[in-house]
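**Q** First the structure, then my questions, so here it is.
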Ligand SMILES: NC(=O)c1ccc[n+]([C@@H]2O[C@H](COP(=O)([O-])OP(=O)(O)OC[C@H]3O[C@@H](n4cnc5c(N)ncnc54)[C@H](OP(=O)(O)O)[C@@H]3O)[C@@H](O)[C@H]2O)c1
C-alpha cells in the first residue's frame, strides 16, 4: 500500500519541492496551501491531492473530508512565516506573536487535527521544518552573531523545537517527531547567499525518512551532522 504524506506550505519554495519529491517516489501526498491561487495545479489525480488551508485556522473540515480515515504516515509541517530583522526599538510584539502563531501554533494544530490518522499508521513520523537559527545552544554560543535575523523568526523556531521535543516525549512509542533544518535554500525565505536547491534538500529528506531511524526527538540538519537543541 502507498504511504501517505501531508505537506503544508506547498504553494512554493521547499514545500513545492517536497510534494514533487515524495509523489515522484511513490507516496500519495496531500499538498496544503493557504490560497487557491496558482500553485494547486499538480496534474496527478490520486497521487497529489490538494487542500486549501491557512495554518492559523482551526477549521479542518476540508482536510478531514479529503483524508477521511486514511492512516497518515508522514506529516511535514513546512509552512512558515519569516520576518525581517529590525532594531530592538522597532520590533512589534504582535509581529512576534504572529510568527509564533504560524510557526508553532500551525504545527500543533495540524498534529491535533491528524492525530487519529497518525496513530492509525504503522510507524508515523511528524517533521517540523525548523532552522539552525532556532538552536538555543548555538545561538547562546553566538554561532550566528554575524547574521541579521529577526527576533520573531529565532523565537518562533526555538519554540517550535520545544514543541517537537514535547510531541516526541508525549507520543513516545507511538509517533516519532523530528525537527529538520533543510540547509540554506534558494527560496523566498533564504538568506541572500543561500544556494542549496530545494529539490536536493527534498531528496535528502525523503532519504532520511526512508532510513526509518527510530530516534525521537531528533534535530537533523540535512546533509550534515545533527544539531544541538
Ligand atoms: N530558505 C531557507 O534557507 C530556510 C532555512 C532554514 C529553514 N527554512 C524553513 O523551511 C521551510 C520552508 O521555507 P521556504 O524557504 O520554502 O520559504 P518560502 O518560499 O517563503 O515558503 C513559505 C511557505 O509557507 C507558506 N505559508 C506561510 N504562512 C502560511 C500560513 N499562515 N498558512 C499556510 N501556509 C503558509 C507560504 O504560502 P504562501 O505562498 O501562501 O505565502 C509558502 O508556501 C520553512 O519552515 C522555513 O522556516 C528555510
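Numbering (the numbering used here), first residue to last: 881 to 1109. Heads up, the beta-carbon is just placed ideally off N, CA and C, and yes, glycines get one too.
How would you write the range of the alpha helix (DSSP H) that residue 997 sits in, first residue to last?
**A** Within the chain shown, residue 997 is the residue found at index 117, counting from 1. That run of the alpha helix (DSSP H) goes 986-999.
**Q** Output the boundary residues of the alpha helix (DSSP H) element that contains residue 976.
**A** The count along the chain shown starts at 1 and reaches residue 976 at position 96. Note, residue 976: alpha helix (DSSP H), 973-980.
**Q** Which of helix, strand or coil does DSSP assign to residue 1094?
**A** Locating residue 1094 in the chain shown gives position 214, counting from the first residue. Residue state, collapsed to three classes: coil.
**Q** Do residue 936 and ligand 1 come close, with the Cβ less than 7 angstroms from some heavy atom?
**A** Translated into positions along the chain shown, residue 936 becomes position 56. Yes, ligand 1 has a heavy atom inside 7 angstroms of this Cβ.
**Q** Along the alpha helix (DSSP H) that carries residue 930, what are the first and last residues, could you check?
**A** Looking up residue 930 in the chain shown gives position 50. Not the alpha helix (DSSP H): residue 930 falls in the beta strand (DSSP E), residues 928-932.
**Q** Could you pull the start and end residues of the beta strand (DSSP E) that residue 1058 belongs to?
**A** Locating residue 1058 in the chain shown gives position 178, counting from the first residue. Residue 1058 -> beta strand (DSSP E) spans 1056-1061.
**Q** Just to confirm before moving on: does the CB-CB distance between residue 1097 and residue 1039 stay below 8 angstroms?
**A** As a first step, residue 1097 is located in the chain shown; it is residue number 217 there, counting from the start. As a first step, residue 1039 is located in the chain shown; it is residue number 159 there, counting from the start. No, Cβ-Cβ distance for residue 1097 and residue 1039 is not below 8 angstroms.
**Q** Could you say which of 1101, 1051 and 1069 lies nearest to residue 1059 if we only look at CA atoms?
**A** Translated into positions along the chain shown, residue 1059 becomes position 179. Checking every option, the nearest Cα to that of residue 1059 belongs to 1101.
**Q** Which of the three DSSP states, helix, strand or coil, is assigned to residue 1039?
**A** To locate residue 1039, count along the chain shown from 1; it is residue 159. Residue state, collapsed to three classes: helix.
**Q** Run through the DSSP bridge pairs and tell me what residue 1099 is partnered with.
**A** Translated into positions along the chain shown, residue 1099 becomes position 219. Answer by DSSP bridge pairing, in chain order: 1059.
**Q** In whole angstroms, what is the alpha-carbon distance linking residue 1022 and residue 1013?
**A** Counting from one through the chain shown, the residue named residue 1022 turns up at place 142. Counting from one through the chain shown, the residue named residue 1013 turns up at place 133. So the two alpha carbons sit approximately 11 angstroms from each other.
**Q** According to the Cβ coordinates, are residue 1028 and residue 965 closer than 8 angstroms?
**A** Indexing the chain shown from 1 puts residue 1028 at position 148. Indexing the chain shown from 1 puts residue 965 at position 85. Yes, they are a contact pair.
**Q** Pull up the distance between the alpha-carbon of residue 906 and that of residue 1082, whole angstroms please.
**A** Position 26 of the chain shown holds residue 906. Position 202 of the chain shown holds residue 1082. Distance between the alpha carbons of residue 906 and residue 1082 is about 14 angstroms.
**Q** Closest by CA to residue 1088, which one among 884, 960, 1005 and 1017?
**A** The residue you call residue 1088 lines up with position 208 of the chain shown. With distances taken between Cα atoms, residue 1088 lies closest to 1005.
**Q** In or out: residue 900 buried (at least 16 other Cβ within 10 Å) or exposed?
**A** Here the question's residue 900 lines up with position 20 in the chain shown. Its Cβ being crowded by 16 or more others within 10 Å, residue 900 is buried.
**Q** Any idea what DSSP makes of residue 943, helix, strand or coil?
**A** Stepping through the chain shown from its first residue, residue 943 is reached at position 63. Note: residue 943 maps to helix in three-state DSSP.
**Q** Please name the residue or residues paired with residue 912 in a DSSP beta bridge.
**A** For the purposes of this step, residue 912 is taken as residue 32 along the chain shown, with counting starting at 1. Note: residue 912 sits in a beta bridge opposite 931.
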